[in-house]
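Here is the structure we will look at, set down as structure tokens.
Residue numbers (this note's numbering): 618 to 1054.
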């Protein structure tokens, strides 16, 4: 469901009756027409984007790391051009969408004899991210009261060469165990065989890192916005019904009595003349009273409000002007507390990945990952109030600048620098006025 919603209108239409059931009396062509007219209001994807945007409001920074290698590798952490920050953003997005996201710290078998030769051949650890659905099995043991992963099986599709110019997709399963891995592949007949791709991982554990946003068990999770996903599907279905009924309600239905069906074909329109030979004949239009349409509209509006409430960010909601301040604050605190927990999980996952990276490269990781931890929501009315208070002389300029910085403005400057800019602009303004410009 999460993948279909994130895929937008196109993916939901492809899903067809899975999320938009046939009404039972609809012919196939009528259902297809209704499906093609239905458009998704994607609150699920928007909620994920809002959560990601808050956490990544400021760039991720690798601090106090002394290893030049790790600093350099963090610029291309997956050997496919993604920096640590870009990789982390995708990891976090998938974790919010699915409840958990994984990556494994991999490293090709080294043939180099020296560290310098390794650098020249670019033989170094890198991260492979994959969705939770690719994990088809695992085993763990309790060691010193801690659950330790002892086997991991990952199913995925790989593209391989086929003939001189072509390529084809093959299914593979990589089995990880402490210190080793081996790969199975499915042949054209559907049988699995063990490939030659096997070897040592260089560490005595499985270097898997998991980021959870809603963990339900060991290696198990549910989408963080699952309830919102169900509501979004409900809105998809209700909006389809509303669009369908509007299609017919917009047109008045002509009703004719006393018309001889054997006469010429009847046509309607501003340039048409209707001929009725029976003096008792009647002609009128039947129109929908609109009660059902109004009920459908109210249902959609209610669903929008419920989706906004489930979207974690209380400020996605349309709040009435008389909403109590206490309610607003409690909403924000609850949302920010959950986001803060997710952000801490992300920080821990990235630092664990960097630790595994260092261990696979026989070096040390002594730094830390810094990311945004300020999730306060800012309304336009908040900053406007500060400006009005300053103009009215109720607060000094320095306090006004400090408040605007707290609300997210001028974050790249110190108060002294901002005041200096203001003073310089004031001096220039005075000079221009004196010379008549």
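Where is the CB? At the ideal position from N, CA and C, for every residue including glycine. If you're wondering where the values come from, they're calculated on a predicted model, not measured in any experiment.
Where do the ends of the alpha helix (DSSP H) carrying residue i lie?
| i | result |
| --- | --- |
| residue 756 | Element bounds for residue 756: not the alpha helix (DSSP H) but the beta strand (DSSP E), 752-760. |
| residue 649 | 645-654 |
| residue 637 | Here residue 637 belongs to no alpha helix (DSSP H), and DSSP marks it neither H nor E. |
| residue 687 | 685-690 |
| residue 622 | 619-623 |
How is residue i classed by DSSP in three states: helix, strand or coil?
| i | result |
| --- | --- |
| residue 973 | helix |
| residue 985 | strand |
| residue 851 | helix |
| residue 897 | coil |
| residue 782 | coil |
| residue 820 | coil |
| residue 997 | Low per-residue confidence applies at residue 997: pLDDT is 45, beneath 50, and the placement is therefore not dependable, though the value from the model is reported in the following sentence. In the structure shown, residue 997 sits in a helix (DSSP, three-state: H, G or I). |
| residue 838 | strand |
| residue 891 | coil |
| residue 700 | coil |
| residue 844 | helix |
| residue 980 | coil |
| residue 858 | helix |
| residue 992 | coil |
| residue 808 | coil |
| residue 944 | Here the model assigns residue 944 a pLDDT of 45, short of 50, so the residue's position is not dependable, and the following value carries that caveat. Reduced to three states, the DSSP call for residue 944 is helix. |
Starting from residue i, trace the beta strand (DSSP E) in both directions and tell me its first and last residue.
| i | result |
| --- | --- |
| residue 776 | 763-779 |
| residue 718 | 717-723 |
| residue 662 | First-last for residue 662: 660-672, but that is the alpha helix (DSSP H), not the beta strand (DSSP E). |
| residue 747 | 743-748 |
| residue 797 | 797-803 |
| residue 828 | 825-829 |
| residue 1011 | Segment: none, residue 1011 is in no beta strand (DSSP E) and carries neither H nor E. |
| residue 657 | That residue, residue 657, is in no beta strand (DSSP E); it is neither H nor E in DSSP. |
Straight-line CA distance for residue i to residue j?
| i | j | result |
| --- | --- | --- |
| residue 918 | residue 714 | 25 Å |
| residue 1008 | residue 1040 | 16 Å |
| residue 985 | residue 832 | 24 Å |
| residue 752 | residue 920 | 34 Å |
| residue 668 | residue 989 | 12 Å |
| residue 834 | residue 673 | 27 Å |
| residue 872 | residue 895 | 15 Å |
| residue 858 | residue 619 | 22 Å |
| residue 695 | residue 641 | 50 Å |
| residue 1038 | residue 663 | 38 Å |
| residue 931 | residue 915 | With a pLDDT of only 38 at residue 931, under the threshold of 50, the placement of this residue in the model should not be trusted; the figure read from the coordinates follows. When rounded, the distance between both Cα atoms is 21 Å. |
| residue 954 | residue 738 | 45 Å |
| residue 945 | residue 968 | Any reading at residue 945 must be qualified, since the residue scores a pLDDT of 47, below 50, and its modelled position is unreliable; the value itself is stated next. Roughly 34 Å between the two C-alpha positions. |
| residue 774 | residue 803 | 10 Å |
| residue 677 | residue 702 | 5 Å |
| residue 626 | residue 850 | 11 Å |
| residue 950 | residue 675 | Confidence at residue 950 is low in this model, with a pLDDT of 48, below 50, so its placement is unreliable and the value that follows should be read with caution. Each residue's alpha carbon lies about 20 Å from the other. |
| residue 1031 | residue 1016 | 13 Å |
| residue 1010 | residue 960 | 40 Å |
| residue 760 | residue 699 | 35 Å |
| residue 840 | residue 992 | 21 Å |
| residue 750 | residue 1001 | 47 Å |
| residue 610 | residue 659 | Since the first residue shown for the chain is 618 and the last is 1054, residue 610 is missing from the structure and cannot be characterised. |
| residue 711 | residue 1012 | 45 Å |
| residue 735 | residue 830 | 37 Å |
| residue 937 | residue 974 | Only weak support is given to the placement of residue 937: the predicted model assigns it a pLDDT of 46, under 50, and the question is left unresolved by the model. |
| residue 704 | residue 824 | 17 Å |
| residue 786 | residue 779 | 9 Å |
| residue 633 | residue 807 | 29 Å |
| residue 1035 | residue 987 | 26 Å |
| residue 853 | residue 650 | 15 Å |
| residue 848 | residue 621 | 14 Å |
| residue 679 | residue 665 | 25 Å |
| residue 963 | residue 697 | 21 Å |
My guess is that residue i and residue j are in contact by the Cβ rule of under 8 Å, so how many angstroms apart are they, rounded?
| i | j | result |
| --- | --- | --- |
| residue 690 | residue 741 | 6 Å |
| residue 970 | residue 720 | 7 Å |
| residue 709 | residue 845 | So it is not a contact: roughly 17 Å between Cβ atoms. |
| residue 682 | residue 746 | Actually they do not touch by this definition, with Cβ atoms about 21 Å apart. |
| residue 826 | residue 966 | 5 Å |
| residue 843 | residue 718 | About 15 Å; that fails the 8 Å criterion. |
| residue 777 | residue 744 | Not quite, the Cβ-Cβ distance comes to about 22 Å (not below 8 Å), so this is no contact. |
| residue 772 | residue 790 | 5 Å |
| residue 716 | residue 838 | 3 Å |
Beta-carbon of residue i versus every beta-carbon of chain C: anything under 8 Å?
| i | result |
| --- | --- |
| residue 714 | This model lacks chain C altogether, as it is built from one protein chain only. |
Would you check if there are 3 or more beta carbon pairs closer than 8 Å linking the stretch 972-985 to the stretch 683-694?
-> yes
Taking three-plus beta-carbon pairs below 8 Å as touching, is the stretch 629-637 in contact with the stretch 646-666?
-> yes
Would you be able to state if there are at least three C-beta pairs under 8 Å between the stretch 793-809 and the stretch 760-777?
-> yes
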